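Numbering of the sequence shown is given in the numbering used here, commencing with residue 2 and proceeding in unit increments. First the structure, in the form of structure tokens, and then the observations on it.
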Amino acid sequence: MVACKLIISFLLMLFQVSVIVCKEDDGIIITLHRNEKSDLHAGLVQEDQKYEKLAKMVEATKNRARALKLGVHRGHGRVNKTGNNGSVGESLYARSFGGYSFKFSMGTPPQDLSLLMDTGSDLVWVPCTRNYTCIYCPEKRAKKSNGLFLPNMSSSTELLTCSDRNCKTFYGKNTEGFCGNCSAAKNCSRTTCPVYELEYGTGLTAGLLLSETLTLPLEDGRRAIKHFVVGCSLLSIDQPSGIAGFGRGALSMPSQLNRQHIIGKDRFAYCLQSHRFDEENKKSQLVLGDKAVPSDISLNYTPFLINSRAPPSSGYNSFYYVRLRGVSIGRKRLNLPSKLLRFDTKGHGGPIIDSGTTFTVFNKKIYEKIAAGFASQIGYKRATEVEAKTGMGLCYNISGLDNVPLPEFAFHFKGGSDMVLPVANYFSYFSSFDSICLTMISSEVLDSEVDNGPAVILGNYQQQNFYILFDREKNRLGFTQQTCKTFH
Numbered sequence: 002m003v004a005c006k007l008i009i010s011f012l013l014m015l016f017q018v019s020v021i022v023c024k025e026d027d028g029i030i031i032t033l034h035r036n037e038k039s040d041l042h043a044g045l046v047q048e049d050q051k052y053e054k055l056a057k058m059v060e061a062t063k064n065r066a067r068a069l070k071l072g073v074h075r076g077h078g079r080v081n082k083t084g085n086n087g088s089v090g091e092s093l094y095a096r097s098f099g100g101y102s103f104k105f106s107m108g109t110p111p112q113d114l115s116l117l118m119d120t121g122s123d124l125v126w127v128p129c130t131r132n133y134t135c136i137y138c139p140e141k142r143a144k145k146s147n148g149l150f151l152p153n154m155s156s157s158t159e160l161l162t163c164s165d166r167n168c169k170t171f172y173g174k175n176t177e178g179f180c181g182n183c184s185a186a187k188n189c190s191r192t193t194c195p196v197y198e199l200e201y202g203t204g205l206t207a208g209l210l211l212s213e214t215l216t217l218p219l220e221d222g223r224r225a226i227k228h229f230v231v232g233c234s235l236l237s238i239d240q241p242s243g244i245a246g247f248g249r250g251a252l253s254m255p256s257q258l259n260r261q262h263i264i265g266k267d268r269f270a271y272c273l274q275s276h277r278f279d280e281e282n283k284k285s286q287l288v289l290g291d292k293a294v295p296s297d298i299s300l301n302y303t304p305f306l307i308n309s310r311a312p313p314s315s316g317y318n319s320f321y322y323v324r325l326r327g328v329s330i331g332r333k334r335l336n337l338p339s340k341l342l343r344f345d346t347k348g349h350g351g352p353i354i355d356s357g358t359t360f361t362v363f364n365k366k367i368y369e370k371i372a373a374g375f376a377s378q379i380g381y382k383r384a385t386e387v388e389a390k391t392g393m394g395l396c397y398n399i400s401g402l403d404n405v406p407l408p409e410f411a412f413h414f415k416g417g418s419d420m421v422l423p424v425a426n427y428f429s430y431f432s433s434f435d436s437i438c439l440t441m442i443s444s445e446v447l448d449s450e451v452d453n454g455p456a457v458i459l460g461n462y463q464q465q466n467f468y469i470l471f472d473r474e475k476n477r478l479g480f481t482q483q484t485c486k487t488f489h
């Protein structure tokens with residue numbers, strides 16, 4: 002990693018010069034996109050590839066969980082881990098590696114981009130400049146990028162300086178030190194806000210903070226939002242796609258839109274289409290603002306929790322924590338270790354809901370209870386080869402079986418709200434090896450030193466075909482099961 006740091010420092014020095022020189026609505030409806038065909042449900046694959054694709058999904062889940070558990074720490078050149086009222090709506094596209102992306106435009110004139118929606122982080126960042134470099138990225142993914150932003154082609158691009166409040170928001174009390182202890186007398190307005198670095202599991206990205214014009218679709222047209230803070234990433238490692246942070250921090254997309262009175266009520270919602278559509282270019286909707294609370298369906302609610310025990314530098318307060326009372330398998334309530342479902346003195350523990358994690362990740366002790374609960378009620382032969390070659394924890398061979406009954410699974414949240422999952426949300430059938438696997442994994446597969454942070458990360462596989470509301474104004478999570486509408 003030392004070599005990588007040296008490469009980052011050198012390239013950013015070069016790119017920084019280039020960037021400096023170049024320098025009445027009632028709704029916005031955004032679409033979540035799928036930009037690549039999924040590998041998960043392909044039945045006809047080569048023998049030596051049939052395990053690889055599922056293994057990659059497990060690895061992506063592990064990397065994501067590792068990043069969330071390590072938290073976000075901000076520093077100069079390094080971040081470890083890391084108005085009319087109305088509604089904004091976008092289309093969400095499920096991607097083959099487990100995430101969901103949406104499209105928007107930025108700059109003057111607008112440049113079309115596509116970013117992964119991420120409720121576990123704050124900053125919105127895009128691959129930036131023609132010199133954008135991604136190390137250890139598959140060539141076609143890096144080249145296919147979801148659009149490069151070219152600041153020299155935009156008349157509204159402005160670099161943030163050390164005197165900008167958003168630079169201070171990003172770096173907090175460390176801003177002055179990272180800015181070289183500049184003061185009004187030293188003219189901080191001419192000192193560029195320091196290079197950021199964000200780490201996502203095994204990948205990272207680094208660049209400069211910009212103020213730009215963001216263009217989002219409204220129900221009756223498009224709207225330009227000025228002075229939107231975005232990261233202009235110049236270098237990434239194993240992270241070619243941009244990220245739209247939807248976390249609780251001040252620089253996340255919903256926080257910035259709310260601060261500018263763009264979306265009315267401070268809330269957003271999505272309905273993630275089934276992963277069975279991973280072979281098709283279908284999309285569903287993400288709604289921000291007033292219309293995020295539907296008028297035609299009722300929701301179950303549970304309060305969000307604030308992790309006040311976590312140090313501010315941890316970044317855990319960007320997460321959406323909920324209080325999980327327990328789980329049931331086949332209507333049998335399991336006795337889970339309750340201390341893991343609460344925050345300890347250092348802010349570790351507790352469950353979060355996350356859009357960017359594919360499979361739900363449980364603390365080892367919780368997972369062992371759940372795996373044992375399923376094993377006691379399922380009599381099929383274990384597919385141990387599948388488990389060994391993919392990293393999945395619980396798989397069964399169902400070759401020759403026409404009818405495969407499985408026990409019901411439910412999460413029980415504070416406030417009496419139960420999330421009863423359809424079978425497809427916790428067991429998936431993989432035709433290439435004629436087996437079903439539990440789409441939940443243990444934190445045991447992570448490095449021991451990162452088994453801190455959230456004890457449960459509720460991933461997007463378990464959120465399929467649920468309407469999920471993040472009501473930040475009333476500090477609560479709403480949900481109900483429904484078949485998410487899809488369209489081309």
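We treat Cβ as the ideally placed atom computed from N, Cα and C, and that holds for glycine. Predicted, not measured: the structure shown is a model, and the values here were computed from it.
Straight-line CA distance for ASP500 to GLU177? Here the chain covers residues 2 to 489 and nothing more, so residue 500 does not appear.
What does the alpha-carbon distance come out to for the pair VAL127 and ALA384? Taken atom to atom, the span from the alpha-carbon of VAL127 to that of ALA384 is near 41 Å.
Please classify PHE412: does DSSP put it in a helix, a strand, or coil? When DSSP states are grouped into helix, strand and coil, PHE412 belongs to the strand group.
For VAL80, count the other beta carbons within 10 Å of its own beta carbon; 16 or more makes it buried, fewer makes it exposed. Which is it? Reliability of the predicted coordinates at VAL80 is poor, the pLDDT of 36 falling under 50, and no value is obtained from them.
For GLU60, tell me which candidate among SER443, GLN378, ILE330 and LEU161 has the shortest Cα-Cα distance. For the residues SER443, GLN378, ILE330 and LEU161, the minimum Cα distance to GLU60 belongs to SER443.
Distance, LEU407 Cα to ILE379 Cα: 7 Å
Beta carbon of ILE226 nearer than 8 Å to that of GLN261: yes
Run the CB neighbour count on PRO313, radius 10 Å, all protein chains shown included, and call it buried at 16 or more, exposed below. exposed
Ordered along the chain, which non-local residues of its own chain (more than five positions away) have a Cβ less than 6 Å from that of ASN426? GLN463 and GLN465
With a threshold of 16 other CB atoms inside 10 Å of the CB of ASP279, please say whether the residue is buried or exposed. In this prediction, ASP279 has a pLDDT of 49, which is less than 50 and means its spatial position is unreliable; what the coordinates show is noted afterwards. That one is buried.
Closest to VAL196 by C-alpha separation, out of ASN182, THR214, LEU215 and TYR172, would be which residue? TYR172
Pull the bridge partners of MET118 from the DSSP assignment, please. ALA245
By DSSP's criteria, CYS438 is part of a beta bridge. Which residues make up the other side? CYS396 and SER429
Here's the rule I'm using: 16 or more other beta-carbon atoms within 10 Å means buried, otherwise exposed. How should SER124 be labelled? For clarity, residue 124 is Leu in the given sequence; the question names Ser instead. That one is buried.
Express the C-alpha separation of LEU258 and LYS415 in angstroms, rounding to a whole number. 29 Å
Pick out whichever of PHE229, PRO241 and ASN453 has its Cα sitting closest to the Cα of LEU205. Of PHE229, PRO241 and ASN453, the residue nearest in Cα terms is PRO241.
Please confirm whether VAL446 and GLY392 have their CB atoms less than 8 Å apart. yes
Within 8 Å, strictly: CB atoms of GLN483 and CYS272: yes
Spatial distance of TYR317 from SER432 (CA atoms): 39 Å
If SER436 and ASN398 are in contact, beta carbons under 8 Å, what's the gap, nearest whole angstrom? The Cβ separation is near 5 Å, so the contact holds.
Of all the options ILE469, LEU211 and ARG67, which has the alpha carbon lying nearest to the alpha carbon of SER285? ILE469
If you reduce the DSSP assignment to three classes, tell me which class ILE264 lands in. ILE264: coil per DSSP, three-state reduction.
Beta-carbon contacts of GLY84 that lie in its chain and below 7 Å, excluding the five residues immediately before and after: Residue placement at GLY84 is flagged as unreliable, the pLDDT there being 38, under the threshold of 50; the coordinate-derived value follows with that caveat. Result list for GLY84: GLN261, HIS262 and ILE263, in chain order.
What first and last residue would you give for the beta strand (DSSP E) that runs through ILE458? 457-459
Mind reading off the beta-carbon distance from GLU213 to SER156? Whole number of angstroms is fine, and I expect it under 8 Å. At roughly 11 Å, the Cβ-Cβ gap does not stay under 8 Å, so GLU213 and SER156 are not in contact.
Can you tell me which residues form a DSSP beta bridge with VAL127? The partner list for VAL127 (beta bridge, DSSP) reads CYS233.
Among the residues of its own chain, which have a CB less than 6 Å from the CB of HIS413, if the five just before and after it don't count? Only residues of its own chain outside the window of five on either side were considered, and among them ARG326, GLY327 and ASP419 have a CB closer than 6 Å to the CB of HIS413, listed in chain order.
Between SER122, VAL294, LYS174 and VAL231, which lies nearest to SER356 when the distance is taken from Cα to Cα? SER122
Per DSSP, the bridge partner or partners of MET420: PHE412
Where VAL328 falls: helix, strand or coil (DSSP): In this structure, VAL328 counts as strand in the three-state DSSP scheme.
Where the alpha helix (DSSP H) through CYS194 begins and ends: For CYS194, no alpha helix (DSSP H) segment is defined, and its DSSP state is neither H nor E.
Where do the ends of the beta strand (DSSP E) carrying LEU478 lie? 477-482
DSSP on ALA66, reduced to helix/strand/coil? helix
With C-beta atoms as the reference, is LEU209 less than 8 Å away from VAL230? no
If you count every other CB in all the chains shown that lies within 10 Å of the CB of SER377, and 16 or more means buried, which is it? exposed
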